[in-house]
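A.B. asks: When the letters of the sequence shown are read in order and numbered with our numbering, they come out as residues 128 to 290. By construction, the Cβ of each residue, glycine as well, lies at the ideal position given by its N, Cα and C atoms. A quick note: this is a predicted structure, and the numbers were derived from the prediction, not measured.
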Amino acid sequence: MKTPSLLALTALTLIAGASASLPAQAADAHHHHGDSHASAQKLHLNAGRQWATDAPLRQSMDGINRAMARALPAIHHERFGDADYDALAAAVGRHVGHAVEHCKLAPEADAQLHLVIAELLAGAEAMEGKTAVPRHDGAVRVLQALKSYQKYFRHPGFKATGA
128 MKTPSLLALT ALTLIAGASA SLPAQAADAH HHHGDSHASA QKLHLNAGRQ
178 WATDAPLRQS MDGINRAMAR ALPAIHHERF GDADYDALAA AVGRHVGHAV
228 EHCKLAPEAD AQLHLVIAEL LAGAEAMEGK TAVPRHDGAV RVLQALKSYQ
278 KYFRHPGFKA TGA
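Dropping the structure here:
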């Protein structure tokens with residue numbers, strides 16, 4: 128996997144415009160780049176330890192986590208409309224874009240982060256209504272990605288929403 132070029136492609140895609148569909152495009156670009164490797168990769172710890180993070184990544188993940196925490200009560204009570212899901216997906220995309228642009232991790236940690244980012248962006252795409260699954264399922268996918276981040280990345284004090 129060519130991590131630096133993928134990061135550059137994802138960053139350019141997310142930053143190029145303000146459309147909420149950009150996370151979906153970035154996820155699509157991610158899924159089609161190096162398909163033989165991407166499907167074989169699984170999240171794992173770094174020799175039994177969590178992967179290191181940096182301040183921009185922690186800031187971005189905290190932002191996604193806060194956005195999900197604010198939305199969760201309305202989602203659970205089925206009072207979250209399409210416009211709400213669109214706004215939440217856009218927030219996830221903005222935070223992912225910030226992480227991609229500013230985060231500087233070691234190559235191995237970065238490769239693991241790409242797996243979490245792919246899930247975040249796939250969840251955002253579903254929340255936008257661009258897949259066959261209900262928008263609610265996109266939110267669930269983002270929550271699962273946050274749980275994976277908590278498990279595999281060292282981020283003091285981080286507690287994934289819904290965990």
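Which same chain residues end up closer than 8 Å to Tyr279 when comparing Cβ atoms and leaving out the 5 residues on each side of it in sequence?
C.D. replies: Counting only Cβ-Cβ distances below 8 Å, and skipping sequence neighbours, we find Leu170, His171, Leu172, Gln177, Trp178, Gln239, Val243.
A.B. asks: By how many angstroms is the C-alpha of Ala259 removed from the C-alpha of Thr288?
C.D. replies: Going by the C-alpha atoms only, they are around 25 Å apart.
A.B. asks: Under DSSP, the alpha helix (DSSP H) around Glu205 begins and ends at which residues?
C.D. replies: Element bounds for Glu205: n/a, residue is neither H nor E.
A.B. asks: Who are the Cβ neighbours of Ala290 in its own chain at under 7 Å, not counting the five residues just before and after it?
C.D. replies: Result list for Ala290: Lys274, Gln277, in chain order.
A.B. asks: Taking DSSP as the reference, what is the three-state secondary structure of Arg221?
C.D. replies: Arg221: helix per DSSP, three-state reduction.
A.B. asks: Suppose you measure from the CA of His160 to the CA of Pro200; what does that come to, to the nearest Å?
C.D. replies: Confidence at His160 is low in this model, with a pLDDT of 34, below 50, so its placement is unreliable and no value can be given for it.
A.B. asks: Could you tell me the alpha carbon to alpha carbon distance between Asp155 and Ile191, rounded to whole angstroms?
C.D. replies: Summary for Asp155: the model assigns pLDDT 41, below 50, so the residue's position carries little reliability; its value from the coordinates is reported in the next sentence. Near 20 Å, if we compare the C-alpha coordinates of Ile191 and Asp155.
A.B. asks: Helix or strand or just coil, what does DSSP make of Arg281?
C.D. replies: Arg281 falls in the coil class under three-state DSSP.
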